[in-house]
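So the protein sequences, as listed, match chains A and B.
According to our numbering, the stretch in the first sequence is residues 501 to 831, in order.
According to our numbering, the stretch in the second sequence is residues 132 to 455, in order.
Note that CB positions come from ideal geometry on N, CA and C, so glycine has one too.
The structure displayed is predicted, hence computed values, not measured ones.
Have a look at the structure below before the remarks.
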Amino acid sequence: MGSGAGSMCETMNPILVVDSLTKVYTVTRGVMGRKSTIRALDGVTIEVFKGETLGVVGESGCGKSTLGRLIVRLDEPTAGIVLFRGKNISHLRGEDLMAYRRRVQLVFQDPASSLNPKKTVGQTLTEPLIIHNIVDRNLRRERVAETISQVGLSGDYIHRYPHELSGGQRQRVGIARALIVAPELIVADEPVSSLDVSIQAQILNLLKDLRDLYNLTYIFISHDLNVVRFMSDRIAVMYRGRIMELASSYELYENPLHPYTRTLLAAIPGAKRHSQHSLGLKMDEDFYEEALKGCPFYFRCNEKENACKEGCPPLVETGPAHFVSCFVRSS
Amino acid sequence: MTELLIVRDLATHLFTPQGIIRAVDGVDITVHPGEVIGVVGESGCGKTILALSIMRLLPQGIGKIVRGDIVFEGRSLLNLSDDEIRQIRGSKISMVFQEPMTALNPVFRIGDQIMEAIFAHQDVDRREAREMAVEMLSRVGFPNPHKRIYDYPHQLSGGMRQRVMIAMALILKPCLMLADEPTTALDVTIQAQILDLMKDLQSNLGTAIVFITHDLGVVRVIAKHVAVMYAGEVVELAPVEDLFSQPYHPYTVGLIESTPPAEGAFLKEKRLNTIPGNVPSMIMQIKGCRFHDRCREGMAICTEDKPPWLEISPSHGVRCWKYV
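Here it is as structure tokens:
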């Protein structure tokens with residue numbers, strides 16, 4: 501686990517440590533109720549340092565949202581642990597769990613469905629203050645007003661309902677709700693993917709401003725490679741429940757090692773494609789039912805070797821703070 | 132080169148209980164045979180209603196073309212009877228939708244759904260139609276198409292479903308395809324595959340495409356000319372390279388600057404140049420330029436009068452007072 505750091509951060513203690521985190525969902529399929537399992541997360545190990553933004557990027561089904569949900573304890577892991585400031589969070593109960601949830605907040609993708617339609621913005625923002633009992637009753641109104649202006653909304657929004665807001669304004673409320681309890685870590689799960697381009701830019705800027713103002717730590721989950729790059733210090737690339745590559749965002753984009761990372765980068769519209777990484781994958785399905793013994797990317801990879809079929813490559817450091825999970829690239 | 136499609140001063144309004152939405156309000160677009168035109172804009176700018184107007188698929192009783200004309204191969208589409216427009220739909224103009232799962236019928240095999248389009252327009256027997264479907268599926272990248280035509284939509288991934296949609300749209304070799312956000316619901320690697328596929332098919336079959344998207348990166352890859360729409364109007368129309376290298380309209384500039392850069396270092400400290408405010412509600416009538424309240428370069432006249440269409444060059448036009 502100790503290798504999960506990066507050399508530039510070695511002097512610091514991580515605020516959050518995720519160790520061998522695994523989540524298996526059991527799903528029922530078909531009319532006969534045949535049970536099968538999905539390994540949404542498969543032994544993910546990563547560290548997050550105070551004040552950094554860790555980007556998590558991958559396509560649908562790669563486990564990035566599951567990772568976020570396990571970190572904020574919306575779900576229990578099948579195996580592995582999450583340590584926050586050195587304390588295992590999976591056994592927290594009662595007040596300890598409450599305290600944890602105050603320090604680690606989540607911003608959801610879809611602000612329309614994550615806000616209570618029957619509550620005004622003011623009520624939505626007051627609720628966490630009451631639950632966590634962190635602000636004096638008579639100062640709550642002030643705190644709400646202060647937070648709402650910090651996310652760029654004017655004071656009269658306090659009396660509005662979610663349906664009276666645009667998508668961007670709703671996401672500002674979602675951010676305000678996370679922010680109002682003064683958390684240390686915010687997990688943002690696709691916070692801008694349902695927004696228009698011009699609104700997306702406003703929200704990204706807002707998240708950066710808040711990060712600088714409060715020295716926040718972000719785990720920024722997104723499928724959009726340009727957005728993740730714009731936001732993050734380091735980026736973890738995920739595929740089928742595993743981390744394929746982890747590096748500083750500059751290094752990852754300038755010197756991608758894993759064939760999957762290269763495929764992803766080549767797929768950005770307008771990206772220059774190296775001929776051998778011209779998305780050599782004709783089919784995007786037919787791989788899902790295969791048992792995962794070897795590398796999860798085996799079937800789509802155009803650099804595979806025999807070893808890739810037999811075992812799963814570990815995440816190893818191939819350069820300063822650059823980790824890759826690939827037999828071909830790490831040897 | 133003669134024009135394939137001319138949209139002239141088109142206005143389509145939606146008559147809703149809340150009021151009249153001027154979804155498309157005076158749009159001019161010309162498509163030449165075999166050309167790919169991109170239509171970019173944010174939600175509510177009218178780009179989908181524009182496509183539905185061309186297809187005459189507007190929601191009944193709500194959507195109405197109130198002004199202008201749509202001329203396809205020299206014939207106005209607006210005066211055609213339902214039977215006549217049905218002859219054109221599918222065989223000459225086809226459409227690909229954003230969400231392939233809702234656009235496909237879940238209870239029919241994909242082969243039958245593709246063949247349905249053939250039977251609607253051509254007098255062929257089942258065997259011939261099946262061969263056509265198999266051939267088209269193999270063109271859109273299906274392995275074992277003779278087996279896959281018996282699949283149901285739920286057996287396919289999102290990318291494969293969108294390939295079926297494209298196969299359906301192209302099976303009768305139409306001269307024009309309207310693609311409404313065809314890759315938006317797809318993962319980025321699948322999106323890249325579908326864009327490659329559409330480019331290949333477009334150059335092989337010579338189909339003209341009107342490609343509607345909110346994604347500037349996508350439009351840059353696929354289109355030759357781009358129309359930028361805002362609040363029901365085309366505010367800028369230019370060859371794709373000119374649009375990105377020298378955008379004229381402040382909205383186009385804002386859109387480009389709002390997109391996180393694909394290159395560069397030390398992005399952590401950078402901020403994006405944003406367009407302030409929100410997309411306007413199309414129920415209110417806006418006096419003057421529709422962008423004026425969000426514009427960084429607004430002048431007095433912008434709040435008073437609607438800016439005229441100006442031609443910067445024969446292929447590059449803009450609707451903005453700044454250049455008058």
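- Contact annotation: A/Q650 and A/L713 have beta-carbon atoms nearer than 9 Å.
- Secondary structure note for A/S565: it is in no beta strand (DSSP E), and the uninterrupted alpha helix (DSSP H) holding it is K564 to I571.
- Between the C-alpha atoms of A/G652 and A/I658 there is a straight-line separation of about 12 Å.
- In this structure, the CA atom of B/P381 is about 13 Å from the CA atom of B/V365.
- Any Cβ of chain B closer than 9 Å to the Cβ of A/P628 would place that residue at the interface, and such an atom is absent.
- For B/D318, a Cβ of chain A is located within less than 9 Å of the residue's own Cβ.
- By alpha-carbon distance to B/G172, the top candidate from B/F422, B/P438 and B/L301 is B/F422.
- When the beta-carbon positions are compared, B/S225 and B/P305 come within less than 9 Å of each other.
- For B/D424, the secondary structure class from DSSP, reduced to helix, strand or coil, is helix.
- By the criterion of a C-beta distance shorter than 8 Å, B/R294 is surrounded in its chain by L268, V271, G272, F273, I325 and L328, once the five residues flanking it on both sides are discounted.
- For A/D696, the chain B residues whose C-beta falls within less than 7 Å of its own C-beta are E173, S174, H345 and V410, listed in chain order.
- Here the alpha carbons of B/M232 and B/G289 stand approximately 7 Å from one another.
- Between B/L309 and B/V227, the CB-CB gap stays under 9 Å.
- Against B/G385, the close residues of chain A are S698, in the order they occur along the chain (beta-carbon pairs closer than 7 Å).
- B/Q244 places its beta carbon 9 Å or farther from that of A/P769.
- Take B/D140, set aside five residues on each side of it, and the residues of its chain with a beta-carbon closer than 7 Å to its own are G157, D159, R198 and G199, in chain order.
- For B/A316 and B/V359, the gap between their C-alpha atoms comes out near 21 Å.
- The Cβ of A/F730 sits closer than 9 Å to at least one Cβ of chain B.
- Taking a cut-off of 8 Å on C-beta distances, the segment 337 to 353 of chain B touches the segment 177 to 186 of chain B, as three or more cross pairs fall below it.
- Within the same chain, and ignoring the five residues on either side of A/F549 in sequence, the residues whose Cβ sits closer than 7 Å to its Cβ are C509, M512, P514 and I515.
- If you compare the alpha carbons of B/R351, B/I201 and B/H252 with that of B/E372, the shortest gap goes to B/R351.
- For A/G543, same chain residues with a beta-carbon under 6 Å away, outside a window of 5 residues either side, are S520 and T522 in chain order.
- Boundaries of the beta strand (DSSP E) harbouring B/E364: E364 to P370, taken from the DSSP string.
- Chain B has a Cβ within less than 9 Å of the Cβ of A/P769.
- In this structure, the CA atom of B/E204 is about 49 Å from the CA atom of A/V556.
- The straight-line gap separating the alpha-carbon atoms of B/L441 and A/M731 is approximately 38 Å.
- The straight-line gap separating the alpha-carbon atoms of B/E134 and B/M415 is approximately 35 Å.
- Residues of chain B whose Cβ lies closer than 7 Å to the Cβ of A/K619 do not exist, since the nearest Cβ in that chain is about 22 Å away.
- As a beta-bridge residue in DSSP terms, B/I137 pairs with B/T161 and B/V202.
- Close to B/S334, with beta-carbon spacing below 9 Å, lies no residue of chain A; the smallest spacing is near 17 Å.
- It is roughly 28 Å from the alpha-carbon of B/H163 to the alpha-carbon of B/A264.
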